[in-house]
Structure formats: C-alpha cells, structure tokens
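Q:
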Amino acid sequence: MKDLDFGKELIKKKIPFISNSPGVYRMLGKKDQVLYVGKAKNLPNRLNSYAKNKNLPIRTERMLALTENLEIITTGSEAEALLLEANLIKKFKPKFNILLKDDKSFPYIFIEKNSNWPQLSKHRGKKNKDGYYFGPFASVGSANWTIKILQKVFLLRICNDSVFKNRQRACILYQIKRCAGPCVKHINKNEYSALVSDAVKFLSGKSKDIQKKLSLEMEKNSIEMNYEKAATIRDRIKALTQIQSSQNVSSLNLENADVISIAQEASKTCIQVFFYRSKQNWGNQSFFPSHDDSHSIEEILRSFIVQFYENKNVPSEILLNKKINDLKLIKIALEKKEKKIISIKTPTKGNALKLSKMAEKNAKEALTRKIFDSETNIKLLNQIAEKFKLNVLPRNVEVYDNSHISGTNSVGALIFFNTEGFLKQRYRKFNIKNINLKGGDDYGMLKEVLKRRFAKIVENKKHGDILTPDLVIVDGGKGQYSISRKILDEYGFHDIPIIAIAKGKKRNQGDETFIYREKNIKLNKREPLLFFLQRLRDEAHRFAINSHRIKRKKSVSKSLLDQINGIGRIRKRSLLNYFGSAKAIESASFDDLRKVEGIENSVAQKIHDFFHN
C-alpha cells in the first residue's frame, strides 16, 4: 500500500523533532482534515508504534494511508493530555475516533438566590447566575415534570420577571393551586421565603423533613377546624409523595452519582447513564456512540467517559458495569478538572451491583429497540428502491422544502434520513439570498438551495470525503422535479434519483402523487411506504416552517427597534429583557419605558414617540 508507506515515512521524519513529553497528536488528511486525535504519555514512543509496527489493525492502516500531515501539542501531564484529547475529538469529530453522538448539555432546575420573590425555572448552559442549581436531569421532559410537581408542593412562581412585575391580578396557576400568587401579594415575603427554603431543602435530599413539617401543619389546621387549608396541605403532601415515588429514592444513599452501563450487540453499542442526585433518580439517558467494528467494549466505554464529562460537572461517584483501562488516569484527570475527590468503581456485590445491572438491562433494551428501528428503516428504504425501480438501494436520503410568507423571510430547508433515522446534526437551513425572486417563487428558491448544496458537495469532494445522498426528495410537483433534475445534472449527479411529492387537489393526506422520471406514481392509502414518505415530507415541512418562524421573529424585533436612533445593542437587550417582546415595547407607556435600566427620559420619549406619533 503505497499511501500507507508514505504515511509511515511522514511520521518517522517528524519523530526526531518531538520532545519526550506527554501530549496530543492529530493525524491530518487533505486540506488539513482531522482524521484522528490521540494522546500519549510519551509522544515519540507512541508515534513510533505507528511507523514501525507491521501488524497494525486495518482501521489504523486506512488512517495512515490518508495521513498527509501531523500536528503535536505537548502538555504538562498525561491527565492534561487526556482532557485535551476529549476536547479536540468533540471539536473536530475525526472519522477514525470513537465519537459520542447526540452530546448536549442537560437541563437543571434553578432557583434564584438574591430576589424578593425567587422564580422556579429550567436552566441550560453556564451557571453564571447567583442561585441554587439542581440536576442534571436526563431530559427536558423529566425537568418539566419535576417543576410541575414542585409547583403543586411549594407553590413557587414560574413566570419571568417582566410578566411578574406587570400583573394586575393572579393568573390561572393561582386558581388551580400551583402558585402562591406573590405577583399580587396573596402571600407575604416571609411566607414565600419559607416556601423557597423548603423547596431548596427538598431538592437537596431532605424530603422527610419537609413531609414531617407539612404533616404537622395539616394536623394543626385540622384541629383548629381550618379544613380548607388542611385540605390544601393534604394535596401538597400527595404531590410530594408522587414525586418521591417517581424519582425512586435510592436505598444506596447515592448523594451525587452517575451509574453508567454499556451493552453491545451486532456491532452496535448503547451506553445508559442514570443520574442520582440527593438520593433521588433524576432520569436516565441512552447514548449510541459511533465507532469502528474493531473497537473493544472497554475502549468505547473509556472514550465515552472522558468525552461525556469534558463539558459537564462530574459527580462525586461513578459506577461502571465494565472494568476499563486507564482508570487511574481518568480519575486523576477528572479530579484535576473538578478539583475534588472522585470515586470510579465497578461494583461486584450488593445493591450497587443491582443498580449497575438495572442500568445494563436498560442499555440492552434500548439497543434492541435501536437495532429494530434500524432494520425497519432499511426495509422501508429498500421498498422505495423496489417501488420506484431505483438503480440504487438508498441509505442516505435528503428531503427539501421551502417556507415563506409572500416571499418574505424566505428559508430553504434540508433534512437528512438514513438507516439510523432522522439525523438532526445533518439538517441544514438556507436563507434565500436572491433578492430578485418574486414573492412566492418556490421554483426560484428550490433552484437556489439545490445549487448551493450541490456546489458545496462538488467543492468538498476535491478535498476529501463528503457524504453524497443516494436519493433526493422534494416537496412539489412536476415543476419542482424538472428543476431539481436539471440542477443535479448540471453538477454531474446524473445517477442520484429524485422523487417529487405532489399533494392531491384537496391537499388530503393519502392522495399524494409521486413524480419519478417524469412519471406519476400513486401508492395505496394503506401502504406503509406511503406513510413513510409522508413522514419524510412532513419532517422537512416542519423544519422549514420552524426555521422561517425564527427568522421572521428576529426580523420583527430588529425592524421595530433598529429603526430608532440611539437604540444600540445594550439598550435593545435591556428593553427586550424588561418587556419580554418587541410587541410589548410598542404598547408600553412613557412611564414604563423610563423604568428600564439604561433608558433615560429623553430616550424613553424617543421610543414612545416612534410608536405612538
């Protein structure tokens, strides 16, 4: 393999100039594309193993054959190298590394600290506000459900400050006993502070204390024949019991722990993470890392742990279902990052083992569902090939749609589907740039989107691998089909089939006509393939509409405020934070505008005159 020899020789030439220190190396391909990121305790020794070893795995040989350059970053320790490796893998997503897919920040529940009437809210991202953070929760749904129950128990407000300050009477949440009504002073500050304190204690794991306190209050009100208040407290106790049972209070007293279990089948891997905080289970999440068949289960788990915690707070305890290499190094690296002692262990007996087995069972079940979904997707994609007599078995499908209102805020949308399902990281939106397009020119918009998309594919193909669709689907009729075919042929993609989906005359689902090679094709209304194609079309439509709405919302707020002289970025942000929307600013009185921080009387008058004169 000529290219393999070139890759090995390149590394040999670099080694003499590299110091004997720990660090990270990057294998680069054409146009400096990052192929692989690795770390080493001793960089020359590690790189020598690539240059001199004759029995390398096929995956490594493929990587070396594509390598055209090598970059080195030295670090103070191997632990630092491990953390930097994880950071660079997540940044560049090299094709030869194990990749953690669907990685995102998890939601927290946040309660303000320095506020007269603290708000209960959901929080993502940096913890730069002063207050109490509880989490992470495994999903937004889990956090929302917990907030809903906390409202029933502790009656804290969830409305934002602009709504809270401008209320004249209590909202519906007060009527249904999910808020104490602090906006209209149905509760005094001391009583509300006591509710906030109880909520903080509960989320910190002191649920028994809160339950005992509420029980005594209910009993006292019952003795005093204040039955209505006693009944309200009884309902709060019921809600408290509900949240405790649903969160599965741990018999292990896991104050701050993650339980991580891995399962593997048919060359696919699932990792299940259970979050335990304050002795409560705050949900679990499934992850399906991308990896080569030659990667061992221990390698995948090790790589997952470092990448997973690269941008997240690490709990005090991590329970694993498999032993991994470099455990001591990972522990040192995470402790360095968090500046605290962290325990990482594989339980072998007792309740800890049961908990680990439960997480492993969940991982296996999630993996089975994933494989089943994948097989179903393959079957449906094969049915498309069979029904339309395609010359390929499509595995990567791109679906296109447009959205606008009379030609304004026009957006083109692309969604991506393969055997794994909808891949949202491959979705793309296109702000239409052609200002000469007349309102509602769907043909012109589709033409621009396809030209931009396939011109980029052609450009990227010159410099390395790029994923080209096996099938293109467009929302529209014969006109959209003809334009799409013309554009793809123009860029040399004669072999990529195109299917256009035209709605029926009454636009009823089930009456679609499919255009392929200038022929009209109808599907049976009960045919699973019809529902599948409708699902693809509807997802593209949903994404296009959402993208259009976001663009329209930005343009509205921009057009209203940016036309006023003297309203810069800081003042605009202060106004939007105070009133909540551009529409609310438009209807605000002069006195209300004066209350906004940074808005002097002269500026307030200018804004008021702009909207009212």
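Under numbering that gives the first Met the number 0, think of the first position of the sequence shown as 0, with each following residue one higher. Note that CB positions come from ideal geometry on N, CA and C, so glycine has one too.
According to DSSP, is D474 helix, strand or coil?
A: Within the sequence shown, residue 474 is the residue found at index 475, counting from 1. Looking at D474 - three-state DSSP - the assignment turns out to be strand.
Q: Rounded to a whole number of angstroms, what is the C-alpha to C-alpha distance between N350 and I209?
A: The residue given as residue 350 occupies position 351 in the sequence shown. The residue given as residue 209 occupies position 210 in the sequence shown. The straight-line gap from Cα to Cα measures roughly 27 Å.
Q: Near F513, what residues of its chain come up, given a Cβ to Cβ distance below 8 Å and the 5 sequence neighbours on each side ignored?
A: As a working mapping, residue 513 is identified with position 514 in the sequence shown. Cβ within range, chain order: F387, I498, A499, I500, A501, N519, I520, K521, L522 and L532.
Q: Which residues does DSSP pair with I259 in a beta bridge?
A: Reading the sequence shown from its first residue, position 260 is the one you call residue 259. Per DSSP, V272 and L319.
Q: Would you decide whether N324 is buried or exposed? Buried here means 16 or more other CB atoms lie within 10 Å of its CB.
A: Translated into positions along the sequence shown, residue 324 becomes position 325. By the 10 Å Cβ count, N324 comes out exposed.
Q: Identify which residue in S373, D160 and L574 has its Cα closest to the Cα of K267.
A: Indexing the sequence shown from 1 puts residue 267 at position 268. Selected option, being the one with the closest Cα: S373.
Q: Roughly how many whole angstroms lie between the Cα atoms of R624 and F421?
A: No statement about residue 624 is possible, as the shown extent of the chain runs from 0 to 612 and does not include it.
Q: Please classify I549 as buried or exposed, where buried requires at least 16 other C-beta atoms within 10 Å of its C-beta.
A: The residue you call residue 549 lines up with position 550 of the sequence shown. With fewer than 16 Cβ atoms within 10 Å of its Cβ, I549 is classed as exposed.
Q: Since F626 sits in a beta bridge, which residues does DSSP pair it with?
A: Examination of residue 626 is not possible in this model, given that the chain is present from 0 through 612 alone.
Q: Just how far apart, CA to CA, sit S249 and A362?
A: In the sequence shown, residue 249 corresponds to position 250, counting from 1. In the sequence shown, residue 362 corresponds to position 363, counting from 1. Only weak support exists for where S249 lies, its pLDDT of 47 falling under 50; the coordinates are left without a value.
Q: Between the Cα of G37 and the Cα atoms of D4, L9, K89 and I57, which residue gives the shortest distance?
A: Position 38 of the sequence shown, counted from the first residue, corresponds to residue 37. Closest by alpha carbon: K89.
Q: What are the uninterrupted segments assigned as alpha helix (DSSP H) that are 4 or more residues long and contained completely in the stretch 56-132, given in chain order?
A: Complete alpha helix (DSSP H) runs here, min 4: 57-65 and 77-91.
Q: Opposite E264 in the DSSP bridges: which residues?
A: Along the sequence shown, one-based indexing puts residue 264 at 265. DSSP, once it has assigned bridges, lists K267 as partnering E264.
Q: Can you tell me whether G503 is buried or exposed, with buried defined as 16 or more other CB within 10 angstroms of its CB?
A: Here residue 503 refers to the residue found at position 504 of the sequence shown. G503 should be labelled exposed.
Q: Note down the Cα distance separating T418 from R394, rounded to an integer number of angstroms.
A: Here residue 418 refers to the residue found at position 419 of the sequence shown. Here residue 394 refers to the residue found at position 395 of the sequence shown. About 6 Å.
Q: Pick out whichever of Y577, M224, R368 and G565 has its Cα sitting closest to the Cα of C158.
A: By 1-based counting over the sequence shown, the position of residue 158 is 159. Considering only alpha carbons, the answer is Y577.
Q: As a quick exercise: from S302, D561 and I17, pick the residue whose alpha carbon is nearest that of E585.
A: Numbered from 1 along the sequence shown, position 586 holds the residue referred to as residue 585. Checked all of S302, D561 and I17; the closest Cα to E585 is D561.
Q: Measuring only the C-alpha atoms, how far is V272 from F136?
A: Numbered from its first residue, the sequence shown carries residue 272 at position 273. Numbered from its first residue, the sequence shown carries residue 136 at position 137. Between V272 and F136, the C-alpha separation is close to 11 Å.
Q: Taking the C-alpha atoms as reference points, what is the distance between R632 and F274?
A: No answer is possible for residue 632: it lies beyond the span of the chain, which begins at 0 and ends at 612.
Q: Count Cβ pairs between the stretch 310-323 and the stretch 338-352 that sit closer than 8 Å; are there 3 or more?
A: These segments touch.
Q: Please tell me whether L82 and K460 are closer than 9 Å, where the distance is taken between their beta carbons.
A: Translated into the one-based positions of the sequence shown, residue 82 becomes position 83. Translated into the one-based positions of the sequence shown, residue 460 becomes position 461. Cβ distance not < 9 Å, so L82 and K460 don't count as in contact.
Q: Can you give me the C-alpha to C-alpha distance between R551 and I299, rounded to a whole angstrom?
A: As a working mapping, residue 551 is identified with position 552 in the sequence shown. As a working mapping, residue 299 is identified with position 300 in the sequence shown. For R551 and I299, the distance between alpha carbons rounds to 43 Å.
Q: At what residues does the alpha helix (DSSP H) containing V305 begin and finish?
A: As a first step, residue 305 must be located in the sequence shown, where it is residue number 306. First-last of the alpha helix (DSSP H) with V305: I296 to F307.
Q: Which of the three DSSP states, helix, strand or coil, is assigned to A587?
A: Your numbering for residue 587 matches position 588 in the sequence shown. Correct three-state label for A587: coil.
Q: Would you say K38 reaches chain D, if we count a Cβ-Cβ gap shorter than 9 Å as a contact?
A: No chain D appears in the structure shown, which is made up of a single protein chain.
Q: Beta strand (DSSP E) containing R25: first to last residue?
A: Mapped onto the sequence shown, residue 25 falls at position 26. Its beta strand (DSSP E) spans residues G22 to L27.
Q: Decide yes or no for the touch test of the stretch 90-103 against the stretch 295-311: beta carbon pairs closer than 8 Å, at least 3 of them.
A: In short, these stretches touch, since the Cβ pair count reaches three.
Q: Hey, how far is the Cα of I261 from the Cα of Y442?
A: Indexing the sequence shown from 1 puts residue 261 at position 262. Indexing the sequence shown from 1 puts residue 442 at position 443. Cα-Cα distance, rounded: 49 Å.
Q: In this structure, what does DSSP give as the bridge partners for Y399?
A: Counting from one through the sequence shown, the residue named residue 399 turns up at place 400. L413 and V473.
Q: Out of A583, L445, V396 and D440, state which residue places its alpha-carbon closest to the alpha-carbon of P496.
A: Taking the first residue of the sequence shown as position 1, residue 496 is located at position 497. Nearest C-alpha to P496: V396.
Q: When you compare each of I486, H493 and L392 to K378 by their alpha carbons, which one comes out closest?
A: As a first step, residue 378 is located in the sequence shown; it is residue number 379 there, counting from the start. Looking at the Cα atoms, L392 is the closest of the given residues.
Q: Determine whether the beta carbon atoms of I236 and I304 lie at a separation below 9 Å.
A: As a position in the sequence shown, residue 236 is number 237, starting the count at 1. As a position in the sequence shown, residue 304 is number 305, starting the count at 1. No, Cβ-Cβ distance for I236 and I304 is not below 9 Å.
Q: Going by the beta-carbon positions, is the gap between A332 and A78 smaller than 9 Å?
A: Here residue 332 is taken as the residue at index 333 of the sequence shown, counted from 1. Here residue 78 is taken as the residue at index 79 of the sequence shown, counted from 1. Contact flag set, yes.
Q: What would DSSP say about S285, mapped onto helix, strand or coil?
A: Taking the sequence shown and counting its residues from 1, one reaches residue 285 at position 286. Correct three-state label for S285: strand.
Q: Please name the residue or residues paired with A603 in a DSSP beta bridge.
A: Residue numbering aside, residue 603 sits at position 604 when the sequence shown is read from its first letter. Answer is none; A603 lacks a bridge partner.
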